[in-house]
Structure formats: C-alpha cells, structure tokens
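A.B. asks:
Number of protein chains: 2
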Amino acid sequence: MQTIAPELAELAGLIADPGRASILSRLMDGRAQTASELALVAGVTPQTASWHLSRLVERALLKVERRGPRRFYRLATPLVAQMLEGMMTVAAIDPDPSRPPPRIDPEMRRARTCYDHLAGELGVAVTDAMLDRGHLNLDQEAGELTASGRAFLGDLGIDLRSPARSRRVLCRPCLDWSERRPHLAGRAGAAVADLALQRDWIRRRPQGRSVEITDAGLLAFRNLFGARI
Amino acid sequence: MQTIAPELAELAGLIADPGRASILSRLMDGRAQTASELALVAGVTPQTASWHLSRLVERALLKVERRGPRRFYRLATPLVAQMLEGMMTVAAIDPDPSRPPPRIDPEMRRARTCYDHLAGELGVAVTDAMLDRGHLNLDQEAGELTASGRAFLGDLGIDLRSPARSRRVLCRPCLDWSERRPHLAGRAGAAVADLALQRDWIRRRPQGRSVEITDAGLLAFRNLFGARI
DNA sequence: GCAACGCTTCGATCATGATCGAAATGTTCA
DNA sequence: TGAACATTTCGATCATGATCGAAGCGTTGC
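First to last, the sequence lines map onto chains A and B.
Heads up: the first sequence at position 66 corresponds to 67 in my numbering, and the numbers run straight through without jumps.
Heads up: the second sequence at position 94 corresponds to 95 in my numbering, and the numbers run straight through without jumps.
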C-alpha cells in the first residue's frame with residue numbers, strides 16, 4: 002500500500018526541530034523576515050539558522066527574496082499557514098492536564114495575527130460578538146457569513162464581492178490555540194484584519210507576531226462590533 | 002517571546018518517523034486497528050510498533066481500547082484527523098517537479114475515506130457533481146450547502162437537522178492530497194459517506210483505507226448524484 | 001578596489017532516538 | 001492450572017542530523 006506516509010514523515014521532520022518550529026511560528030503572520038531575525042528567534046547562530054532556512058526553502062515551505070545583501074524569508078503559500086494552524090491547535094492540547102499549561106506570552110495571547118486574520122483574545126472576542134449579533138454561523142469545523150453579516154461588513158466599507166464569482170465562500174473557522182475556541186478566518190477574517198490595520202485599530206509590534214490594540218481600536222471593537230474586550 | 006513553538010516541534014517529531022506516519026495515515030479512516038496490524042503497515046517488528054504506539058498515545062494523538070488480549074488503536078479526536086489532512090495536503094506538493102510524483106496506490110487514489118467522508122477520485126467527483134448542480138459552494142478555504150443541497154440530501158434520506166441548533170454549519174472543504182482539489186467534508190460529507198456505506202454503494206476493504214465502489218454504487222453515484230466516475 | 005556586512009558552506013563533534021533480540025506481562029480459553 | 005497468543009519492557013547497538021567554529025561568497029557603498 003503506497004501512501005503519502007513517507008512524504009508526511011519527511012514534512013513533519015522538517016517542523017520537528019525547535020529552531021525550525023520557532024521560525025515557522027514567527028512567520029505565521031505572513032510577513033517576511035531576514036535570516037538574522039530568524040536566527041534570533043530560533044536561538045541559534047546565523048550559520049545554523051541558514052542551514053535550517055535552506056532546508057525549509059528546499060522543501061517549499063518557505064520562499065526567499067533577496068533585497069540587497071539581506072534575504073527575506075516568508076511562508077511559501079497560505080496552505081502552509083493553514084497546516085501550521087492545524088498543528089498548533091493540536092500542539093496546544095496538553096496531554097497531561099496535571100503539568101502547568103505552556104506559558105504563552107501575554108501580548109501574544111491578547112492579540113496577534115494568524116497569517117491574515119485576527120487571533121488571540123481579540124480575534125475570539127470579535128468573532129463572538131459577530132456570532133451574538135447573528136452575523137455568522139460558526140463551529141469548529143465550518144462557518145458561514147449570514148446576510149446580516151454581509152451587510153454589517155459592507156457598512157464598514159468592506160467589499161466582499163469576489164472579482165470572479167459572486168457565490169464564493171467567505172468564511173471559515175480557525176481554532177485559536179491560545180483561547181482554544183474558533184475565531185473568524187477566511188476572506189472575511191482577512192478583510193476585518195485589513196480594515197483594523199488600515200484604520201489603525203491595531204498596530205503590528207516591531208518584533209514578534211503580536212499586535213497592539215490602540216485606544217481607537219478598543220473603542221471601535223467595543224462600539225462597532227460589540228466585542229467584550 | 003514564549004510561543005507554542007516547542008510544543009509544535011514536539012508534536013511534529015512524533016509524526017516525523019516513517020513508521021509512525023504510516024500508522025497515523027492508516028488510522029485516517031477513523032477506524033480502530035490492532036497493534037499487530039499497525040506493526041505490519043509500519044514495516045517494523047511488534048516491539049518497535051508498540052514503542053511507537055505508546056508514544057502516540059502518551060501524546061494523546063491516539064486512543065487505545067482493550068478487547069481481550071488485543072489492543073485497538075484509533076485517532077484520539079477528529080482534530081487530529083483534520084491536522085493530518087492539512088499536513089498531507091502540503092506533503093503532496095512536490096517541491097521538485099522534475100522528480101516523478103510519489104507513487105500512490107491506485108485503489109487509494111480511486112476511492113478512500115478521509116476520517117468520516119469520501120476522498121480520492123470518488124470524493125472529488127461527487128463534490129464536483131454537487132457543485133455543478135448548485136448544491137454547494139466550495140473553494141479551498143470554505144464551503145456552504147445551498148438550499149437546493151439541503152433539499153437534495155433530504156430527498157436521499159439524510160437528516161441534516163442538528164439535534165441542538167438548527168443553524169449549525171454543515172459543510173467544509175478538505176483538500177484532497179491525491180487529486181489536489183477540494184472535496185466535501187464536514188457533517189454533510191460524513192452524512193454522504195455514511196449513506197454510501199449503509200446502502201452498500203461502497204465497501205471498506207479489509208486492509209488499507211481504500212474503499213471498493215460496488216456496481217450499485219457506480220450507478221447511484223452516476224444517476225443520483227450525476228458524478229462523472 | 002577594498003572594506004563592511006549579511007549570509008552560506010564546510011568540517012568535525014556530539015546527542016537523540018529508532019531498532020530489534022530476549023524476556024516478561026497480561027488475557028483468554030480449556 | 002497451563003497453554004497459546006498479543007503485546008510490552010528491557011538492554012544494547014547504531015544511524016541520523018543539529019550544532020558551531022572557521023572560512024568563503026556576494027552585495028553594497030565609499
């Protein structure tokens with residue numbers, strides 16, 4: 002029985018190193034980072050990081066882009082981000098409830114981006130608020146935007162009409178590994194995150210994947226979305 | 002910056018062994034298998050398989066159930082299956098298009114179950130047919146069942162009303178690693194697969210994850226669903 | 001051209017974990 | 001109780017791959 006198993010093992014092996022896992026985790030916000038920055042987050046020397054990075058590029062998990070003497074690395078495709086989402090969800094489940102839960106950076110837990118959408122307490126709060134108001138239906142497996150949800154996002158200036166087909170699906174759940182509950186992802190989730198960045202409701206922190214909620218953002222999420230945050 | 006990265010690496014390490022990857026792949030149909038059977042598919046001796054299995058149970062990827070002197074292993078939660086789906090999707094992407102694509106067992110490619118729904122050519126054909134008829138909207142990221150889709154499945158005797166909430170979401174896409182296209186998953190996908198098994202349209206093969214399409218099944222999928230298979 | 005800088009390649013070392021033979025454990029059935 | 005069988009535990013061996021120092025490469029700017 003030939004299956005995909007050997008390729009699966011090979012792929013997993015690539016993620017199985019703490020340094021490479023840190024690098025991939027760092028790149029989960031979808032932005033590009035330099036080799037030096039990634040060496041830092043991996044906690045290894047630049048030459049070791051370089052070796053890790055070349056393996057990840059070779060296996061097409063990362064793309065590299067040269068800008069002057071620097072090399073910027075980013076996730077190769079959204080598919081890789083989605084795979085990592087799924088793995089982090091399982092990784093966050095502690096098999097032994099007696100030992101203390103993994104210490105998660107409070108800023109990270111508060112608010113971060115997950116590839117292209119909001120995650121952490123903020124992501125879950127926004128999602129919950131939209132659920133409460135009937136803008137969404139969502140469970141761990143699947144999600145859909147209601148007519149009221151489309152109208153709500155439309156009023157915020159988000160144009161969800163796809164350039165190609167009007168019947169495109171917009172909404173999927175992403176299991177939040179820090180909150181252990183689903184939050185809004187998919188095109189609708191990306192649109193909300195884009196809006197929040199554009200209106201300066203959230204700001205990316207210079208390092209790390211966490212984002213800062215501005216005062217204006219706090220008001221907007223509370224008043225416009227009705228989020229309890 | 003404390004993140005989930007160490008847990009991610011640990012989890013990946015568990016999948017990174019070819020034997021364990023084979024075991025997990027074998028269990029992707031959601032059924033339970035004995036330790037001996039799994040040793041066979043992993044291509045290792047029973048004592049080695051036992052060591053692998055205990056690690057997978059310890060990390061809560063598998064559940065074990067004792068029946069007499071045998072031990073039956075199965076995936077611990079649907080979340081694990083969904084994670085493996087995502088990994089297989091990425092694993093199936095060949096980073097080097099020049100080398101020949103991984104040889105996939107033809108029976109596996111033809112028709113198999115992916116945890117609780119149909120996959121392979123059969124899964125994709127059924128999905129395509131439902132898309133053509135307007136029963137579904139589906140892309141790589143998200144999916145939704147239309148009113149006509151609900152009616153269609155209802156006519157087949159599938160009751161999609163959730164015991165709890167009526168507004169539950171039913172439908173999600175699962176990227177087929179052998180066909181490299183999405184097929185129907187989620188509760189609707191599981192319901193279709195259940196129906197097919199109950200009506201003897203498909204039969205599980207004694208070993209492996211692939212299923213056999215019966216003559217009656219071929220007719221049903223073609224005539225009832227309009228699947229080109 | 002040369003210096004500065006970012007990054008990669010090479011080479012040697014070292015640790016982790018996969019493997020199986022042998023033996024022990026546990027379960028069922030007579 | 002004892003025999004048959006499935007599975008696990010123990011112990012020793014062996015291979016893979018992560019690591020970093022040193023050196024090399026390539027780009028930029030003076």
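Each residue gets a CB set at the ideal place from its N, CA and C atoms; glycine is no exception.
With DSSP collapsed to three states, give me the class of E66 (chain B).
C.D. replies: Three-state DSSP puts E66 (chain B) in a strand.
A.B. asks: Just curious, the alpha helix (DSSP H) that I16 (chain B) is in, first and last residue?
C.D. replies: A6 to I16 is the span of the alpha helix (DSSP H), which, as asked, contains I16 (chain B).
A.B. asks: From the DSSP output, read off the bridge partner residues of S211 (chain B).
C.D. replies: Per DSSP, B:R113.
A.B. asks: How many angstroms separate the CA atom of T215 (chain B) from the CA atom of P79 (chain A)?
C.D. replies: Between T215 (chain B) and P79 (chain A), the C-alpha separation is close to 38 Å.
A.B. asks: Could you tell me if P183 (chain A) is buried or exposed, where buried requires 16 or more neighbouring beta carbons within 10 angstroms of its beta carbon?
C.D. replies: P183 (chain A) is buried by the Cβ-count criterion.
A.B. asks: Excluding the five sequence neighbours on either side, which residues of its own chain have a C-beta within less than 6 Å of the C-beta of L63 (chain B), listed in chain order?
C.D. replies: Around L63 (chain B): L57, Y74 and A77.
A.B. asks: Ordered along the chain, which non-local residues of its own chain (more than five positions away) have a Cβ less than 6 Å from that of A192 (chain A)?
C.D. replies: Closer than 6 Å at the Cβ level, and outside the excluded window around A192 (chain A), lie I159.
A.B. asks: For chain A, is any of its Cβ atoms less than 8 Å away from the one on E8 (chain B)?
C.D. replies: Yes, contact with chain A.
A.B. asks: Identify which residue in A:Q48, A:D30, A:I5 and A:G31 has its Cα closest to the Cα of R27 (chain B).
C.D. replies: Among A:Q48, A:D30, A:I5 and A:G31, the Cα nearest to that of R27 (chain B) belongs to A:I5.
A.B. asks: Taking C-beta pairs closer than 7 Å, name the residues in chain B that S149 (chain A) reaches, listed in chain order.
C.D. replies: Here the premise fails: no neighbours, minimum Cβ distance about 12 Å.
A.B. asks: Does any residue of chain B bring its CB to less than 8 Å from the CB of E142 (chain A)?
C.D. replies: Chain B contact via Cβ: present.
A.B. asks: State the DSSP-derived secondary structure class of R75 (chain B), mapped to helix, strand or coil.
C.D. replies: It is a strand residue.
A.B. asks: State the beta-bridge partners of N138 (chain A) as determined by DSSP.
C.D. replies: In DSSP, N138 (chain A) forms a bridge with A:E145.
A.B. asks: Three Cβ pairs or more, each shorter than 8 Å: is that satisfied between the region 117-135 of chain B and the region 172-179 of chain B?
C.D. replies: Short answer: they touch.
A.B. asks: Pick helix, strand or coil for I230 (chain A), following the three-state DSSP scheme.
C.D. replies: Note: I230 (chain A) maps to coil in three-state DSSP.
A.B. asks: Below 7 Å CB to CB, which residues in the same chain sit around V81 (chain B) once its five sequence neighbours on both sides are set aside?
C.D. replies: If we look at V81 (chain B) and ignore the five residues flanking it on each side, its Cβ neighbours are L62.
A.B. asks: Relative to the C-alpha of T46 (chain A), which candidate in A:A148, A:R21, A:S149 and A:E59 has its C-alpha closest?
C.D. replies: The option with the nearest alpha carbon to T46 (chain A) is A:R21.
A.B. asks: Helix, strand or coil for I203 (chain B)? Go by DSSP, reduced to three states.
C.D. replies: Three-state DSSP puts I203 (chain B) in a strand.
A.B. asks: May I have the straight-line CA-CA distance separating E142 (chain B) from G44 (chain B), to the nearest angstrom?
C.D. replies: Computed Cα separation, rounded: 35 Å.
A.B. asks: Rank B:S55, B:E59, B:T35 and B:I24 by C-alpha distance to the C-alpha of V42 (chain B) and give the top, closest one.
C.D. replies: Answer by Cα proximity: B:I24.
A.B. asks: Where does the unbroken beta strand (DSSP E) through R173 (chain B) begin, and where does it stop?
C.D. replies: Unbroken beta strand (DSSP E) run through R173 (chain B): R173 to L176.
A.B. asks: If you count every other CB in all the chains shown that lies within 10 Å of the CB of N224 (chain B), and 16 or more means buried, which is it?
C.D. replies: Exposed, since its Cβ has fewer than 16 Cβ neighbours within 10 Å.
A.B. asks: Does the beta carbon of Q231 (chain A) sit closer than 8 Å to a beta carbon anywhere in chain B?
C.D. replies: Since the first residue shown for chain A is 2 and the last is 230, residue 231 (chain A) is missing from the structure and cannot be characterised.
A.B. asks: Between the alpha carbons of R162 (chain A) and F226 (chain A), how many angstroms are there, rounded?
C.D. replies: Rounded to the nearest angstrom, the two C-alpha atoms are 21 Å apart.
A.B. asks: Under a Cβ-count criterion, where at least 16 other Cβ atoms within 10 Å of its own Cβ denotes burial, should S179 (chain A) be classed as buried or exposed?
C.D. replies: When all chains shown are included, S179 (chain A) counts as buried.
A.B. asks: Which residue wins for smallest C-alpha separation from A13 (chain A), given the options B:R32, B:R72, B:T90 and B:P70?
C.D. replies: Among B:R32, B:R72, B:T90 and B:P70, the Cα nearest to that of A13 (chain A) is on B:T90.
A.B. asks: Helix, strand or coil for R35 (chain A) per DSSP?
C.D. replies: At residue 35 (chain A) the sequence reads Thr, which differs from the Arg that was named. In the structure shown, T35 (chain A) sits in a strand (DSSP, three-state: E or B).
A.B. asks: Please report the straight-line C-alpha distance between L9 (chain B) and A17 (chain A), rounded to a whole angstrom.
C.D. replies: Looking at the two C-alpha atoms, the distance is approximately 7 Å.
A.B. asks: Taking the Cβ atom as the reference point for each residue, do T128 (chain B) and N138 (chain B) lie within a distance shorter than 8 Å?
C.D. replies: No. Outside cutoff.
A.B. asks: Within the continuous alpha helix (DSSP H) that includes A50 (chain A), where are the two ends?
C.D. replies: Unbroken alpha helix (DSSP H) run through A50 (chain A): P47 to E59.
A.B. asks: Using a Cβ cut-off of 8 Å (strictly closer), state whether R173 (chain A) contacts chain B.
C.D. replies: Cβ-Cβ to chain B under 8 Å: yes for R173 (chain A).
A.B. asks: Compute the Euclidean distance between the alpha carbons of G135 (chain B) and E11 (chain B), then round it to the nearest angstrom.
C.D. replies: Each residue's Cα considered, the two are about 43 Å apart.
A.B. asks: What does a CB cutoff of less than 6 Å around G190 (chain A) pick up in its chain, not counting 5 residues either side in sequence?
C.D. replies: If we look at G190 (chain A) and ignore the five residues flanking it on each side, its Cβ neighbours are H118.
A.B. asks: Enumerate in chain order the residues of its own chain whose CB-to-CB distance from S211 (chain B) is below 8 Å, with the five nearest sequence positions on each side excluded.
C.D. replies: Excluding positions up to five away in sequence, the list reads D106, E108, M109, R111, A112, R113 and G121.
A.B. asks: Looking at the structure shown, is A152 (chain B) part of a helix, part of a strand, or coil, going by DSSP?
C.D. replies: Note: A152 (chain B) maps to helix in three-state DSSP.
A.B. asks: Do you know whose CA, among A:R68, A:P19 and A:L154, lies nearest T49 (chain A)'s CA?
C.D. replies: Ranking A:R68, A:P19 and A:L154 by Cα distance to T49 (chain A) puts A:P19 first.
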